[in-house]
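Q: Here you go, one structure.
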Amino acid sequence: MPLFPTGHATHPQWRMAAALVVAQLRAQMALPAYASAPTLGLAYITDHYAGEAQPLLDYLGAELPEVTDWSGTVGVGVSANNAEYFDEPALSVMLLDIPADQYRVFSGVAPLPRNPASGFEAHTALVHANGHTAELAELLEEMAARTTTGYLFGGLSASRGASVQFAVGGNGNMAGQGAAGGVFDGGLSGVAFGPGVALLSRVTQGCQPVGALHTVTAAQDNVVLELDGEPALDVLLDTLEVSLDGDPQPALRKVRATLAGLVDAGEQPQGAQRTGHFGTDTRVRHIVGLDGTRRGVALADQVESGMHLAFCQRNVAAARADLMRICAEIREELSPEELEQVPLSTGAQAGPVDTSGSARAAAGQPPGRSIRGAIYVSCSGRGGPHFGGPSAELQIVRHALGDVPLVGFFAGGEIAHHHLYEYTGVLTVFVGI
Numbered sequence: 000m001p002l003f004p005t006g007h008a009t010h011p012q013w014r015m016a017a018a019l020v021v022a023q024l025r026a027q028m029a030l031p032a033y034a035s036a037p038t039l040g041l042a043y044i045t046d047h048y049a050g051e052a053q054p055l056l057d058y059l060g061a062e063l064p065e066v067t068d069w070s071g072t073v074g075v076g077v078s079a080n081n082a083e084y085f086d087e088p089a090l091s092v093m094l095l096d097i098p099a100d101q102y103r104v105f106s107g108v109a110p111l112p113r114n115p116a117s118g119f120e121a122h123t124a125l126v127h128a129n130g131h132t133a134e135l136a137e138l139l140e141e142m143a144a145r146t147t148t149g150y151l152f153g154g155l156s157a158s159r160g161a162s163v164q165f166a167v168g169g170n171g172n173m174a175g176q177g178a179a180g181g182v183f184d185g186g187l188s189g190v191a192f193g194p195g196v197a198l199l200s201r202v203t204q205g206c207q208p209v210g211a212l213h214t215v216t217a218a219q220d221n222v223v224l225e226l227d228g229e230p231a232l233d234v235l236l237d238t239l240e241v242s243l244d245g246d247p248q249p250a251l252r253k254v255r256a257t258l259a260g261l262v263d264a265g266e267q268p269q270g271a272q273r274t275g276h277f278g279t280d281t282r283v284r285h286i287v288g289l290d291g292t293r294r295g296v297a298l299a300d301q302v303e304s305g306m307h308l309a310f311c312q313r314n315v316a317a318a319r320a321d322l323m324r325i326c327a328e329i330r331e332e333l334s335p336e337e338l339e340q341v342p343l344s345t346g347a348q349a350g351p352v353d354t355s356g357s358a359r360a361a362a363g364q365p366p367g368r369s370i371r372g373a374i375y376v377s378c379s380g381r382g383g384p385h386f387g388g389p390s391a392e393l394q395i396v397r398h399a400l401g402d403v404p405l406v407g408f409f410a411g412g413e414i415a416h417h418h419l420y421e422y423t424g425v426l427t428v429f430v431g432i
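So for the sequence shown, numbering that gives the first Met the number 0 puts the first residue at 0; every next one is plus one.
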């Protein structure tokens, strides 16, 4: 099946960047290997263009009239195959060649129905969200419930200005959108995909445990009071081998560099001390305070007794190894012919997230699948020099997956399953026969 056309550019003027992107897209659409008439566009902009989001979207729509549906958002950086534009004015676009009855664009004013009268069945969904949206966690769970797999992927807008999102469906405004021109600044938006859209998705963690995995035995709101029956603050200090006695500043510096990985009660932790990296069940949260009176540790999330917790720190080597691991998992799901084209990264382990591979095999469908395009949403805290140099993170993905069309952005939080993550990357590839 044909590849998805992509284009990306940086320029101080958005119109020049958009013109360069359109030229790249048009050139690829004229090639036999690429889709010639895609109708769904994904557009990601850096926050330098956020103030001009509406005219930029209008320009893309006018220059690419065959593309009737658009989705996207803003990040502090955007990505393309082998390149990232971080903290500079840039635009990255991909055009998806998917049957019109296999996707639906949605937004807060034109939400995805639970029981759509059109008969569309949402299988998975790409979700963009504003991080300041009230009850965001509950909204993500509710959105996941509207899909048959419960699997979402995407991220939170990241901007020092307007946190804009793009959502246009069906030759102009979507039903219920009113006078809105396709640019929004709150809530959820994105694209739901039907069961006929085959994709593979994995989550890569960017932090490494620095201590044992504990069970939360007492908590109140966002404060962890006890871990394995011991005061949580004492466990933290023992893990970091520091003390608040005397001069507390060295200890506080270590605490500020430490985060907490949480696993919901009832879930079996996949990684932590057993494998040296977190599994997809772990959500990393900041430590926002220490409660000296109750000997507790306050986190940037609600905590309940029965949860599992491991203190952790950002680790470049672990992040690189885990990114190569998920790329290897995706590659292993592809055909043997595809595996022969690019050297396979080592260290692969079985992953829990597969929205097409097992079902296709069970249905007796042939292998021979190849990547048509990819979306990579990475944490803004991972971008730039964190991986060792400019575009190093995207170069790892390209080395592992090959020269495939890719688009994405650096987010304020990453979405996978029905959870909100931090310091992770969510890599999703669209595959075809």
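Cβ atoms here follow ideal geometry from the backbone N, Cα and C, with glycine treated the same way.
Helix, strand or coil, according to DSSP, for residue 347 in the structure here?
A: With a pLDDT of 32 at residue 347, under the threshold of 50, the modelled position of this residue cannot be trusted; read the value that follows with caution. Correct three-state label for residue 347: coil.
Q: Would you kindly report the start and end of the unbroken alpha helix (DSSP H) that includes residue 20?
A: 13–28 is the extent of the alpha helix (DSSP H) around residue 20.
Q: Taking the alpha helix (DSSP H) that residue 238 belongs to, which residues open and close that run?
A: Residue 238 -> alpha helix (DSSP H) spans 231–239.
Q: Just the C-alpha distance for residue 121 and residue 58, rounded to the nearest angstrom, thanks.
A: In a straight line, the C-alpha of residue 121 is about 30 Å away from that of residue 58.
Q: I need the boundaries of the beta strand (DSSP E) containing residue 224, first residue and last residue.
A: 222–226 is the extent of the beta strand (DSSP E) around residue 224.
Q: Establish whether the CB of residue 70 and some CB of chain D are separated by less than 8 Å.
A: Protein chains in the displayed structure number just one, and chain D is not present.
Q: CB-CB under 6 Å to residue 386, same chain, minus the five flanking residues each way: which ones, in chain order?
A: 392.
Q: Give me the Cα-Cα distance between residue 172 and residue 180, rounded to the nearest whole angstrom.
A: At residue 172, the pLDDT of 42 sits below 50, so the modelled position is not reliable and the matter cannot be decided from this model.
Q: Do residue 188 and residue 152 have their C-beta atoms within less than 8 Å of each other?
A: Contact flag unset, no.
Q: For residue 131, count the other beta carbons within 10 Å of its own beta carbon; 16 or more makes it buried, fewer makes it exposed. Which is it?
A: The residue in question, residue 131, is exposed, as its Cβ has fewer than 16 Cβ neighbours within 10 Å.
Q: Shortest alpha-carbon distance to residue 95 belongs to which of 374, 413, 165, 184?
A: Per the Cα distances, 374.
Q: Tell me where the beta strand (DSSP E) around residue 208 begins and ends.
A: Residues 206–208.
Q: If you drop the 5 nearest sequence neighbours on each side, which residues of the same chain put their C-beta closer than 8 Å to that of residue 184?
A: 129, 161, 162, 163, 164.
Q: Rounded to whole angstroms, how far is the Cβ of residue 74 from the Cβ of residue 410, which I believe are closer than 8 Å?
A: That belief holds up - the Cβ atoms of residue 74 and residue 410 are roughly 6 Å apart, short of 8 Å.
Q: Go ahead and pull the three-state DSSP assignment for residue 446.
A: Coverage of the chain is limited to positions 0 through 432, which leaves residue 446 absent and any answer about it impossible.
Q: Kindly give me the distance between the Cβ atoms of residue 378 and residue 328, rounded to whole angstroms, as I take these residues to be in contact under 8 Å.
A: With 8 Å as the limit, residue 378 and residue 328 do not qualify as a contact, their Cβ atoms being about 20 Å apart.
Q: Taking the CB atoms as reference points, tell me whether residue 91 and residue 78 lie closer together than 8 Å.
A: Yes, the Cβ-Cβ distance between residue 91 and residue 78 is below 8 Å.
Q: Measure the beta-carbon distance from residue 48 to residue 41 and round it to whole angstroms, keeping in mind my assumption that it falls under 8 Å.
A: Contact doesn't hold; Cβ gap of about 15 Å is too wide.
Q: With distances taken between CB atoms, is the gap from residue 112 to residue 45 smaller than 8 Å?
A: Against a cut-off of 8 Å, the Cβ pair of residue 45 and residue 112 comes out as no contact.
Q: Measuring CA to CA, which of 316, 257, 314 is closest to residue 299?
A: The option with the nearest alpha carbon to residue 299 is 257.
Q: Can you name the start and end residues of the beta strand (DSSP E) that residue 44 belongs to?
A: Start and end: 39–45.
Q: Give me whichever residues DSSP pairs with residue 329 in a beta bridge.
A: Residue 329 pairs with nothing; no bridge assigned.
Q: Sort 103, 1, 236, 413 by Cα distance to residue 281 and report the nearest one.
A: It is 413 whose Cα lies nearest to the Cα of residue 281.
Q: Check residue 142 in the structure and name its three-state DSSP category.
A: Here residue 142 sits in helix by DSSP.
Q: Run the CB neighbour count on residue 283, radius 10 Å, all protein chains shown included, and call it buried at 16 or more, exposed below.
A: Residue 283 is buried by the Cβ-count criterion.
Q: Return the bridge partner residues of residue 490 from the DSSP annotation.
A: The structure shown does not extend to residue 490, since the chain spans only 0 to 432, so no value can be given for it.
Q: Contact between the segment 189–198 and the segment 211–225: three or more CB pairs below 8 Å?
A: Taking 8 Å as the limit for Cβ pairs, the verdict is that the segment 211–225 does not touch the segment 189–198.
Q: Measure the alpha-carbon distance for residue 34 versus residue 255 and round it to whole angstroms.
A: Each residue's alpha carbon lies about 49 Å from the other.
Q: Hey, could you find the ends of the beta strand (DSSP E) residue 375 is sitting in?
A: Start and end: 369–378.
Q: So what does residue 7 bridge to, in DSSP terms?
A: Per DSSP, 91.
Q: So what does residue 424 bridge to, in DSSP terms?
A: Per DSSP, 203, 377.
Q: Going by C-alpha distance, which of 408, 333, 230 is nearest residue 401?
A: Here the closest residue by C-alpha is 333.
Q: Identify, in the order they occur along the chain, each residue of the same chain with its Cβ nearer than 6 Å to the Cβ of residue 23, setting aside the five sequence neighbours on each side.
A: Only 6 meet the Cβ criterion.
Q: Using the C-alpha atoms, what's the distance from residue 230 back to residue 309?
A: Looking at the two C-alpha atoms, the distance is approximately 14 Å.
Q: Taking residue 60 as part of the alpha helix (DSSP H), name the residues at either end of that continuous run.
A: That run of the alpha helix (DSSP H) goes 52–62.
Q: Is DSSP giving residue 119 helix, strand or coil here?
A: Residue 119 falls in the coil class under three-state DSSP.
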